[in-house]
Each structure stands twice: as C-alpha cells, then as structure tokens.
Amino acid sequence: MDATKKRVAIVGAGASGLTACKHALAKGFRPVVFEAAGDGVGGVWRRTLASTRLQTPAFAYRFSDFPWPADVSGAEVFPRHDQVVEYLAAYARRHGVTECVRFGCKVLAAEYAGVPDEEAAAWERWSGNGEAFGDGSGEWLLTVQHPGSEATQIHRVDFLILCTGRFSGVAHTPTFPPNRGPEVFHGQVLHSMDYSNMGHAAADELIRGKRVAVVGSGKSAFDTVAECAAANGGRYPCAMICRSGRWMVNGGFVWGVSLGHLFCNRLAELTVHKPGEGLALALLAILLTPLRWLLSKLAETYFKMQIPMEKHGMVPEESFAGSMSGCRLGVLPDKFYDRVEEGSILIKRARSFSFCTDGLVLDDDDTGERVDADVVVLATGFRGDQKLTDMFVSATFKQQIVAAPLYRQCVHPRIPQMAVIGYTENLTSIYTFEMMAKWVAHLLAGAFRLPSVVRMEASAAEWDEHLAMRRHGEGGGGKPCLGGVSTWYNDEMCRDMGYEPRRKKGILAATLVSSEV
Ligand SMILES: Cc1cc2nc3c(=O)[nH]c(=O)nc-3n(C[C@H](O)[C@H](O)[C@H](O)COP(=O)(O)OP(=O)(O)OC[C@H]3O[C@@H](n4cnc5c(N)ncnc54)[C@H](O)[C@@H]3O)c2cc1C
C-alpha cells in the first residue's frame, strides 16, 4: 500500500506542530492538525504578557527555509510576541499548513488499538518491525472534542505526532502544609499562565494600583514583575520572591563576540562530553575543560560588569556555561534594574514561602519576613510531562512516556506509531523542532528503520544520563535540554536520514558557526 495514504494526526499548532505538518506534507502525507485554540496558530506566543519578546535573537529563532521579514530580522533583534505569532502564521500559510489545521478541536485521549497488549509488549522492534506504521494492524483512536460542543468524536489514525508544548496548559504550583497555602490569603492568587491567558487589558486591570508579589525567577517572573513595576511605579512596588538568581542577560554578545560563537558550535562542543563519543573525543573534552571554564568566567565577568546583579544579590550560583547547557539563560526585560534602583521593584531572596492572610511569609512560617500583597502571581513553571501522560488511555503508556526517555528525543521505544516533537528544548528551540520534524517525516516515508527496542532504549538512556548529568552537574535540574550539544544531536539526526552532517561550506564556518543559524 502507498504509505502516503496513511492517516497522520498532529496534536498542536504551535511552532513544533506547524513544522511537523510542513515536513509531513513535503513527503506526500495529508496530516490533520488538531488545535485546541480556536483563534489561530502559534501556540504559546498567542497567550503571553503584553511585554513578552523572544529571548533568542530573530536570526537564531527561525525555520531554516523561512526568513523573518526584513523589517524584523537583525543580529540583535528580539521580536515581540505578536511578531512571533505573525512569523509562525506566515510560515503556516506559505507551506499550506493552515488548511490542515482544525481549530478549536481538543484531543482528549489517545488509545492504541488493533494489536493485543501482550503482543505489542513482546515486540523486539519498535511498532513490530521498526517502521512508522508497523505491519498496518495497529492504529490510534483519538477522542476529539469539537468547537462549541461537549460532544466528542473518535478519529482513527495510523500515526500520531504530539506537539502539545511544555510551557502551557498545566501549571506547576507548589504545595503547602495545611493553613499555609492560598486558602488563608485574603487577596487573589493566580499562576503566571492564567495571568498571561487573561488578555492584556484584563491583566493590566488586575495589577494596577495593587500590591503585587511575584514568586519565581524564570523568564515569566521577570516579565511579570517588570509589567507590574511599569504599571504601579514606586507607589506600589512589586515584590519579586526568588529562591535563586538566574543568568538574565541584556544581549547575546560578550565583548562583541556572540554567545553562539562561544558556546554553540562544533568547536565549543569539543569541550563537553557527548553521548556515544569515542575515546579520543572523551579525552579531548577532558583536556579542554579549562577552556570551557574560562569562557564561562569571561561571560560571567562581562555580564556582571554590565548588569548590577551583584549589588542586588542576584548573581546566580550556577555557572554561565551551566545555564546555557540547561536552557536557563534568559533576557532581562528593558530597564529592569533601573526599576529596582528607583524602588518600583523589591527583590527578596527566600528559600521557601507560605501564605498568611495579608500576603506571604518568607523562609520561616512563624518568624519569617512578611510581604503584604493584594495579588500573588505564582511564576513557578509548568508540567509539560503531565500533558503527555494525560493524553494516553493506557495506564502502561501513561507510566512509560515519562519514566523512560525518548529515542532521538522523538519516539518512545515502547510506544508504537507515535512521535513527540517539542518536548526536549534547546536554546534556539525552533531549529531543533524543525530537525525533529524532518526526522519524523523521513521515518514516515520509510527512509530508515528504527533499530531494536533494546538498542533504542540504550541510546535514549545514554542521552538521558548525559543530559541529566550536565543539568545537575552544572547546577541545574528539570527538563531535557540540548543546550551546548545540539550540533552533535543534529549530526546524529542527519546520519539517520542519510544526509552529510557537516552542512556548512568551508572548515571555518563548519567549526565556528552554530549549526542552527
Ligand atoms: C514566555 C516564553 C518565552 C519563550 N521564549 C523563547 C525563546 O526566546 N526562544 C526559544 O527558543 N523558545 C522560547 N520559548 C519556548 C517556546 O515554548 C518554544 O519556542 C515554542 O514556541 C514552543 O512551541 P510548541 O509548538 O512546542 O508548543 P506551544 O507553543 O505550547 O504549542 C502547543 C499547542 O498545542 C495545543 N494543544 C495542547 N494540548 C492540546 C490538545 N490536547 N488538543 C489540541 N491541541 C492541544 C496548544 O493549544 C498549543 O497551541 C518561550 C516560551 C515562553 C512561555
């Protein structure tokens, strides 16, 4: 049977779903994209704070075959959220993706059918034979809720691609002992996700003229604090409660050299260990460790000179290189420390916090400092993993999808006929999503077969161990991120698809320029 007649479904029309669809179309498939939002493509960028911008410069946050419009692009330009939405929508229009999207359609559940559980569990190769559609007997049943209706319909597909995003949908909120949580607080508590979702006018109304406390130290926390400070000035200073400092920088250059050149190219990757590397590369990485340390220190010194983080107790504990590896580098909102100096922002470092009737208590439940507030915004992150587990009907798949890592960061060795795009991040995530989308499209088209389940598990575990070691070893934790090893990753993906990994012309460009620009 002609493989392109197979039914492919993609869940999500954010950056990763759009590129997944584009590359599936390029291979002759006619995918259906189910998108829960009714108002358009773009995912997380449609629901941001008014001030949110890209933290990656435009030239690095782009699809390889689709440049930004000339009036937006530029070496040091961080486009606004609405410009990102327009860029993604234009990409979708250009490649015929928009017509494939069914807006307002939420996928509530995915169930694998057609193959008995015991048979699938005994497979030695992914999907039975290492191919995208197996032998044709298995299929996914998607329960889809359609716009304006509580009723659901079942859609049958041969391959499922989950592109549901990590930074939306399910909020991560801290838990508290009894009588120390939001229930005792007389003001309003909300997660930064709800604050972003409420729309710009409503968000402004919520904070204007109020005492606001924001908990967190990530990008959402910084942006929310900056917005509150801009709205209320020194009359109602915004309190920022954070456990640790974070490398939030004011540009992508260190003494005129781009961070990409320093940390994200083939040369820089020689200074770090990589999964599956040989003895020579492992020894070289050990020898070059001092160089990486030196580059990290140079960047730290530069940004400490540029930004008064020392004065305000915000120097991060982790190294600069560590924050690059863990995708924890961010861009400071405009004039952030000016607002701190003028008293519109009060930074408070605290290991823990709880609620009292009038606000928050820091560090110690009884004797800790109190921060009075009318509104508390919890910028405490997301549960991207829960969105994945919630998708499956099978208890086994629910457990497997988060317990074991993804092969090539895309497919689970024991979950057949399904791929995930956009779960593993990168500092310039859009390029990584595109590489994943190409790889999945090649798999769909039968350009390569996957190895045995055991080999896939071993490779995925090696990558996972490596990414976890770099995250924790360099001071971080949490989500999978390819920061600092993405050239190595891209090379592997290219080899699978049968392409030459060295994609740049000339040895200098291949060594010094990031593979992602
Ligand atoms: C404030 C902020 C700033 C960021 N800045 C950068 C940056 O500078 N550089 C960078 O590389 N990355 C950045 N990111 C990361 C950003 O998330 C990615 O760049 C990218 O936009 C993620 O795209 P995605 O398609 O994977 O996910 P999303 O954009 O979250 O899209 C997922 C889509 O899936 C839909 N969906 C989810 N569940 C279902 C379901 N069950 N049924 C149907 N549809 C569903 C959602 O409605 C959504 O449209 C930032 C993220 C945030 C939140």
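Okay, so the sequence shown: first residue is 1 according to our numbering, each after it adds one. Glycine included, C-beta positions come from ideal geometry on N, C-alpha and C. Source: prediction; values computed, not measured.
Contact between Arg53 and Phe78 is confirmed by a C-beta separation of about 5 Å, below the 8 Å threshold. When the alpha-carbon of Arg383 is set against those of Val454, His172, Met418, Lys348, the nearest one is in His172. Of the other Cβ atoms in all chains shown, 16 or more fall within 10 Å of the Cβ of Glu227; this residue is therefore buried. When Cβ pairs closer than 8 Å are counted between the two stretches, the segment 10-30 is seen to touch the segment 157-172, the count reaching three or more. Among the bridge pairs identified by DSSP, Tyr112 is matched with Trp140. Note on geometry: alpha-carbon atoms of Leu270 and Cys494 lie some 19 Å from one another. Thr56 has its CB nearer than 7 Å to a heavy atom of ligand 1. DSSP assignment within the segment 52-94 yields no whole beta strand (DSSP E) run of 3 residues or more. Here Thr357 is exposed. Its C-beta has fewer than 16 other C-beta atoms within 10 Å. A distance criterion of 7 Å places the beta-carbon of Thr164 in contact range of ligand 1, judged by its closest non-hydrogen atom.
Distances from the CA of Ser352 to each of Thr152, Gly181, Asp39 were compared; the closest alpha carbon is that of Gly181. The C-alpha of Leu332 lies about 42 Å from the C-alpha of Thr396.
Pairing Gln145 with Cys105 gives a Cβ-Cβ distance under 8 Å.
In this structure, the beta-carbon distance from Gly484 to Ser325 falls below 8 Å. Within the DSSP bridge table, the entry for Cys356 names Gly359 as partners. Ala121 and Gly446 have their alpha carbons spaced roughly 23 Å apart. Phe320 sits away from Ala350, with the two beta carbons spaced by 8 Å or more. The three-state reading of DSSP puts His200 in helix, counting H, G and I together.
Note that the C-beta distance between Val107 and Leu142 is below 8 Å.
Classified as exposed, Thr301 has fewer than 16 neighbouring CB atoms from the shown chains inside 10 Å of its CB.
In terms of side-chain proximity, the C-beta atom of Ser217 is found no nearer than 7 Å to any non-hydrogen atom of ligand 1. Between the segment 126-135 and the segment 388-403, the count of C-beta pairs closer than 8 Å stays below three; the two stretches do not touch. When DSSP states are grouped into helix, strand and coil, Ala221 belongs to the helix group. Burial is judged here by how many other beta carbons sit within 10 angstroms of a residue's own beta carbon; Met456 has at least 16 and is buried.
DSSP, reduced to helix, strand and coil, places Leu298 within a helical segment of the structure shown.
Contact between Val8 and Val157 is confirmed by a C-beta separation of about 6 Å, below the 8 Å threshold.
Following the DSSP letters along the chain, one finds Ala395 inside the alpha helix (DSSP H) bounded by residues 395-403. Less than 8 Å separates the beta-carbon of Ser127 from that of Pro416.
Distances from the CA of Asp496 to each of Arg408, Val376, Tyr87, Leu287 were compared; the closest alpha carbon is that of Arg408. Rounded to whole angstroms, the Cβ separation of Thr224 and Ser192 is 6 Å, and the two are in contact under 8 Å. Boundaries of the alpha helix (DSSP H) harbouring Asp491: 486-497, taken from the DSSP string. Collapsing the DSSP output to three states places Cys327 in coil. At a cut-off of 7 Å, the beta-carbon of Lys106 counts as near ligand 1: some heavy atom of the ligand is closer than that.
With contacts defined as CB atoms closer than 8 Å, Thr4 and Ala437 fail to qualify as a contacting pair. Shortest Cα-Cα distance from Ser217 to any of Glu119, Asp338, Pro316, Tyr91 involves Pro316. Taking C-beta atoms as the reference points, Gln188 and Val371 fail to come closer than 8 Å.
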